[in-house]
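Take a look at the structure below.
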């Protein structure tokens with residue numbers, strides 16, 4: 002039973018790391034294309050830095066700490082994906098070293114193309130995977146998690162609307178998503194660039 006709990010925490014941790022990497026890539030791509038004063042930059046920044054997944058991360062950490070209190074902290078002192086985690090508090094907050102410090106030259110074209118669309122959609126997929134994996138954790142306040150999940154979807158929808166204002170390609174992509182089976186819209190948009 003303990004190993005099942007730990008597996009759920011490992012899955013949530015992996016999903017969080019994937020989300021943080023996706024957010025970093027999207028944020029970097031938008032910084033390259035848009036000035037900080039642009040409305041699209043601000044809406045994407047809300048998805049990348051001040052979004053409800055930060056609160057979901059906190060709920061996962063709180064769950065892990067409560068589980069450690071109940072079952073003992075030793076079960077969280079282990080190696081996960083080649084990384085030694087000496088304390089429960091490092092499971093969800095000790096991940097910043099997974100994000101690269103890459104720098105790219107600015108190219109302020111104010112365009113949101115196929116690459117940026119794929120990055121934006123990847124953030125949404127990763128966030129939804131994280132939310133699902135946190136729902137599977139024990140000792141999680143489901144009401145708070147549900148509220149934060151809805152808040153993420155609202156924040157994401159606002160960013161989508163903002164992107165549609167400046168990107169005809171994204172507008173076409175959203176229409177194709179509604180009409181075609183999964184994956185085909187991605188292939189069409191990738192081919193357009």
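In my numbering, the protein residues as written are 2 to 194.
Ideal placement from N, C-alpha and C gives every residue a C-beta, glycine not left out.
Check residue i in the structure and name its three-state DSSP category.
{"i": "residue 54", "result": "helix"}
{"i": "residue 170", "result": "helix"}
{"i": "residue 144", "result": "helix"}
{"i": "residue 120", "result": "helix"}
{"i": "residue 72", "result": "helix"}
{"i": "residue 1", "result": "Absent from the model: residue 1. The displayed extent of the chain is 2 to 194, so no value can be given."}
{"i": "residue 23", "result": "helix"}
{"i": "residue 37", "result": "coil"}
{"i": "residue 151", "result": "helix"}
{"i": "residue 100", "result": "coil"}
{"i": "residue 108", "result": "coil"}
Contact defined as beta carbons within less than 8 angstroms: I believe residue i pairs with residue j. What is the distance between those atoms, to the nearest angstrom?
{"i": "residue 127", "j": "residue 52", "result": "With a Cβ gap of about 12 angstroms, residue 127 and residue 52 do not count as contacting."}
{"i": "residue 163", "j": "residue 40", "result": "6 angstroms"}
{"i": "residue 146", "j": "residue 135", "result": "6 angstroms"}
{"i": "residue 13", "j": "residue 138", "result": "6 angstroms"}
{"i": "residue 109", "j": "residue 169", "result": "Residue 109 to residue 169, Cβ: 19 angstroms. No contact."}
{"i": "residue 21", "j": "residue 96", "result": "6 angstroms"}
Go ahead and label residue i buried or exposed: buried means 16 or more other beta carbons lie within 10 angstroms of its beta carbon, across all protein chains shown.
{"i": "residue 132", "result": "buried"}
{"i": "residue 8", "result": "exposed"}
{"i": "residue 64", "result": "buried"}
{"i": "residue 103", "result": "exposed"}
{"i": "residue 58", "result": "buried"}
{"i": "residue 24", "result": "buried"}
Just reading off the beta strand (DSSP E) that residue i is part of, what are its end residues?
{"i": "residue 80", "result": "79 to 81"}
Sort the options by Cα distance to residue i and report the nearest one.
{"i": "residue 148", "options": "60, 164 and 108", "result": "60"}
{"i": "residue 62", "options": "35, 113 and 17", "result": "17"}
{"i": "residue 125", "options": "27, 4 and 12", "result": "27"}
{"i": "residue 161", "options": "10, 50, 20 and 42", "result": "42"}
{"i": "residue 94", "options": "46, 189 and 15", "result": "15"}
{"i": "residue 153", "options": "54, 5, 74 and 91", "result": "54"}
{"i": "residue 183", "options": "122, 71, 159 and 79", "result": "122"}
{"i": "residue 165", "options": "144, 115, 90 and 68", "result": "115"}
Starting from residue i, trace the alpha helix (DSSP H) in both directions and tell me its first and last residue.
{"i": "residue 44", "result": "40 to 49"}
{"i": "residue 93", "result": "91 to 94"}
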